[in-house]
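*Asks:* Let me begin by handing over the structure; questions about it come next.
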Amino acid sequence: MNPVAKQAKFFLFFVPIATSVRNWCGFNKAMGSVYNTSMQYFLYARKSTDVEDKQVLSIEAQLSELRALARREGLEVVQEFVEKRSAQQPNRPVFNNMMARIQGGEAQGIVCWKIDRLARNPVDGGQIQWLLQNGTIAHIQTHDRAYYPTDNVLMMSMEFGMANQFIPDLSANTARGLRAKARQGHFPGDCSGGVSKRPAYKNYCC
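Counting the sequence shown from 1 gives a position; this note's numbering is that position plus 396.
What follows is the structure, given as structure tokens:
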């Protein structure tokens with residue numbers, strides 16, 4: 397086959413595929429715009445006072461970033477929810493209030509920093525997955541990705557599973573570190589009763 401014929405065959409085979417992909421991507425983008433402009437969102441910021449959230453942005457930083465994200469993406473935020481407690485256990489009052497109002501139709505989307513801000517336990521995680529899957533929640537927007545009802549539920553299940561496993565792993569690692577300090581003769585924590593740690597004595601309480 398001469399080069400011209402090969403090139404013609406290539407274009408006849410690949411151009412329709414490329415066109416279909418382009419049209420599909422354009423459709424998804426357009427649908428995303430429809431979602432964003434026709435829906436109302438709740439903004440949710442959470443930070444635990446426990447050690448589990450030591451590396452997480454402060455409430456104020458989350459609010460600032462999420463407000464900017466909502467403006468950038470054209471999302472209409474109708475109310476902000478702030479919660480200062482761990483998500484290890486279900487029955488968080490602010491979270492429950494937000495979810496009840498979503499089920500009541502007051503909003504169809506959620507803006508949060510990361511998906512683990514919403515849940516670190518299988519009860520709340522399962523509720524979010526179910527409401528997203530049945531379309532009650534139509535869109536969850538985080539700082540690095542979007543979640544829609546048509547997404548593969550396996551990915552969100554894995555993310556919630558990792559968030560849930562983080563806490564028992566953290567507890568086990570902390571306990572192991574404290575035991576190691578005790579074996580070395582170090583006081584596992586701050587000294588009390590006017591006693592302080594002295595570098596000259598390898599930080600023993602003196």
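Heads up, the beta-carbon is just placed ideally off N, CA and C, and yes, glycines get one too. Just so you know, these numbers come straight off a predicted model, no measurement behind them.
Under three-state DSSP, which class holds residue 475?
*Replies:* Within the sequence shown, numbered from 1, the residue matching residue 475 stands at position 79. Three-state DSSP puts residue 475 in a strand.
*Asks:* With a CB to CB cut of under 6 angstroms and the five nearest residues on each side skipped, what residues in its chain are close to residue 513?
*Replies:* On the sequence shown, position 117 is the one that residue 513 refers to. For residue 513, where only same-chain residues beyond five positions count, the Cβ hits under 6 angstroms are 442.
*Asks:* Does DSSP put residue 533 in a helix, in a strand, or in coil?
*Replies:* As a first step, residue 533 is located in the sequence shown; it is residue number 137 there, counting from the start. The answer is coil: DSSP assigns residue 533 none of H, G, I, E or B.
*Asks:* Is it a yes or a no for the region 510-528 touching the region 470-486, going by three-plus beta-carbon pairs under 8 angstroms?
*Replies:* Enough Cβ pairs lie closer than 8 angstroms, so yes.
*Asks:* Three or more C-beta pairs closer than 8 angstroms, one from the region 525-539 and one from the region 500-508: is that the case here?
*Replies:* Flag = yes, the region 525-539 and the region 500-508 touch.
*Asks:* Beta-carbon within less than 7 angstroms of residue 529's beta-carbon, same chain only, minus the 5 sequence neighbours each way: which residues are those?
*Replies:* Within the sequence shown, residue 529 is the residue found at index 133, counting from 1. These residues qualify, in order along the chain: 545, 549.
*Asks:* Please state if the CB of residue 471 and the CB of residue 494 are separated by a distance shorter than 9 angstroms.
*Replies:* For this step, residue 494 is matched to residue 98 along the sequence shown. For this step, residue 471 is matched to residue 75 along the sequence shown. In this structure, residue 471 does not lie closer than 9 angstroms to residue 494 by Cβ.
*Asks:* With DSSP collapsed to three states, give me the class of residue 505.
*Replies:* As a first step, residue 505 must be located in the sequence shown, where it is residue number 109. Three-state DSSP puts residue 505 in a strand.
*Asks:* Classify residue 464 as helix, strand or coil using the three-state DSSP reduction.
*Replies:* Position 68 of the sequence shown, counting from 1, holds the residue named residue 464. Of the three classes helix, strand and coil, the one that applies to residue 464 here is helix, per DSSP.
*Asks:* Give me the Cβ distance between residue 517 and residue 486, rounded to the nearest whole Å; I'm assuming they're in contact under 8 angstroms.
*Replies:* Position 121 of the sequence shown holds residue 517. Position 90 of the sequence shown holds residue 486. With a Cβ gap of about 6 angstroms, residue 517 and residue 486 count as contacting.
*Asks:* Answer with buried or exposed for residue 475, where buried requires no fewer than 16 other C-beta atoms within 10 angstroms of its C-beta.
*Replies:* On the sequence shown, position 79 is the one that residue 475 refers to. Result: exposed.
*Asks:* Looking only at its own chain, which residues have a Cβ that is under 7 angstroms from the Cβ of residue 538, when we skip the five neighbours before and after it?
*Replies:* If you number the sequence shown from 1, residue 538 lands on position 142. Here the set comprises 508, 509, 510, 511.
*Asks:* With residue 525 and residue 552 assumed to form a contact (beta carbons below 8 angstroms), what rounded beta-carbon distance in angstroms separates them?
*Replies:* Start at 1 with the first residue of the sequence shown, and residue 525 comes out as number 129. Start at 1 with the first residue of the sequence shown, and residue 552 comes out as number 156. Indeed, because the Cβ distance is near 6 angstroms, the residues count as touching under 8 angstroms.
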